[in-house]
């Protein structure tokens, strides 16, 4: 089974801090994704990557950046955390683009105070 | 942008009953997927149905797809308390790097 591991389940940060969310997958998937999930809004794509060092903006990239230096690892960076970035962050990976299942991590619930 | 929209938003049934959730979408798709999310956890993939398929089964799950109506349904038969979760549909387009677009989900509660 594919395993996607997010480094933290819960995180509390202060406004203005730089925050790193780490994600590792063990199935050699090319594609990796970061979503945020908010009540009533469903899942919204922040960034995705289809190869090492490649990244593409999703629907809501503002205030975020990403890094993919190795195939198995995809990091989400909040350059200067704000309270409106309090959310559940979900990392996922997939084998093909557009027509194969996404494998999700268990999520990181980030609170920015 | 959200494309899949689930209906109803919430559903409460007794154990042993069947649960049906619906999903509508707006544009052409290559496939539609259903996911399940237990409270506070990540999503788990349940089933993928391609645009040239009309029905697919997996255990107690049955998914239908009607591309002419741009809709899909997920049926869970003989539900159990452990089926309590949120269920999401997601639409995909082959080759689209934006992958899947998710709806807001149906919260299913199965009462023992």
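Protein chains in written order, with our numbering: chain A, 1 to 113; chain B, 114 to 225.
By construction, the Cβ of each residue, glycine as well, lies at the ideal position given by its N, Cα and C atoms.
Residues of the same chain with a CB within less than 6 Å of the CB of residue 190 of chain B, apart from the 5 flanking positions on each side, are 131 and 173 in chain order. Taking 8 Å as the cut-off, the beta carbon of residue 68 of chain A is found closer than this to the beta carbon of residue 53 of chain A. The three-state reading of DSSP puts residue 195 of chain B in helix, counting H, G and I together. With contacts defined as CB atoms closer than 8 Å, residue 213 of chain B and residue 198 of chain B fail to qualify as a contacting pair. The beta carbon of residue 156 of chain B sits closer than 8 Å to the beta carbons of 148, 149, 150 and 201 from its chain, once the five residues preceding and following it are set aside; these are given in chain order. Per DSSP, residue 142 of chain B is not a residue of any beta strand (DSSP E), being assigned neither H nor E. Ranked by Cα distance from residue 21 of chain A, the options A:94, A:104, A:102 and A:77 are led by A:77.
Nearest neighbour of residue 43 of chain A by Cα position, chosen from A:98, A:96, A:92 and A:112, turns out to be A:92.
For residue 122 of chain B, the three-state secondary structure derived from DSSP is coil.
Residue-level contact by beta carbon holds for residue 101 of chain A and chain B, with a gap shorter than 8 Å. For residue 143 of chain B, at least one C-beta of chain A is nearer than 8 Å to its own C-beta. In the three-state reduction of the DSSP assignment, residue 84 of chain A falls in the helix class. Contact between the stretch 179-196 of chain B and the stretch 119-133 of chain B is present: 3 or more CB-CB pairs across the two stretches fall below 8 Å. Apart from the 5 residues on each side of it in sequence, residue 9 of chain A has no Cβ closer than 6 Å to any other Cβ in its chain.
By the rule that beta-carbons nearer than 8 Å mark a contact, residue 52 of chain A does not touch chain B.
According to DSSP, residue pairing for residue 28 of chain A in a beta bridge does not occur.
For residue 45 of chain A, the uninterrupted beta strand (DSSP E) run begins and ends at 42-49, by DSSP. Residues of chain A with a Cβ closer than 9 Å to the Cβ of residue 207 of chain B are, in chain order, 96, 97, 98 and 99. For residue 104 of chain A, the closest Cβ of chain B is nearer than 8 Å. Among the residues of chain A, those whose CB is under 9 Å from the CB of residue 161 of chain B are 99, 100 and 101, following chain order.
Its chain contains 160, 162 and 176 as the residues whose beta carbon lies nearer than 7 Å to that of residue 169 of chain B, once the 5 sequence neighbours on both sides are disregarded; these appear in chain order.
DSSP, read as helix, strand or coil, puts residue 15 of chain A in coil.
The residues 52, in chain order, have a CB closer than 7 Å to that of residue 70 of chain A in the same chain once the five nearest residues on each side in sequence are set aside. Residue burial annotation: residue 39 of chain A is exposed, with fewer than 16 other C-beta atoms found within 10 angstroms of its C-beta.
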